[in-house]
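Read the structure below first, then the notes.
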Amino acid sequence: MATVEKKERGWLATKIYQFEVTYALYMLDTWEKAIIYTFLIGMISLYIYYLIRTNPFGFQDKIANVFKSIQNVIVHKEL
């Protein structure tokens, strides 16, 4: 089990390194990388929020159905 975790961690570390080399982030200081990554995560979060709010694929309906099914399970377990 430990070797699988090491392989996965090694794979992730390799992908992060490839990303940093591709976009020249490897030469930045830690605080500069933190700013870039914060900006990147913020932009991805805003994009996901936009996708959910504009409802291009019926996400709101699907999310509402998930919450309704969870609520039904909770209500039936209390009985």
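Note that full-length UniProt numbering numbers the sequence shown so that position 37 is 37, with each residue one more than the last. Glycine is no exception: its CB is placed at the ideal position from the N, C-alpha and C atoms.
In the three-state reduction of the DSSP assignment, tyrosine 17 falls in the helix class. Shown here, leucine 25 sits in coil according to DSSP, grouped into three states, outside any helix or strand. With a cutoff of 8 Å on beta-carbon distance, lysine 33 and leucine 25 are scored as near each other. Contact between isoleucine 52 and glutamine 60 holds, since their C-beta atoms are separated by about 7 Å, short of 8 Å. Pairing asparagine 55 with valine 66, the inter-Cα distance amounts to about 16 Å.
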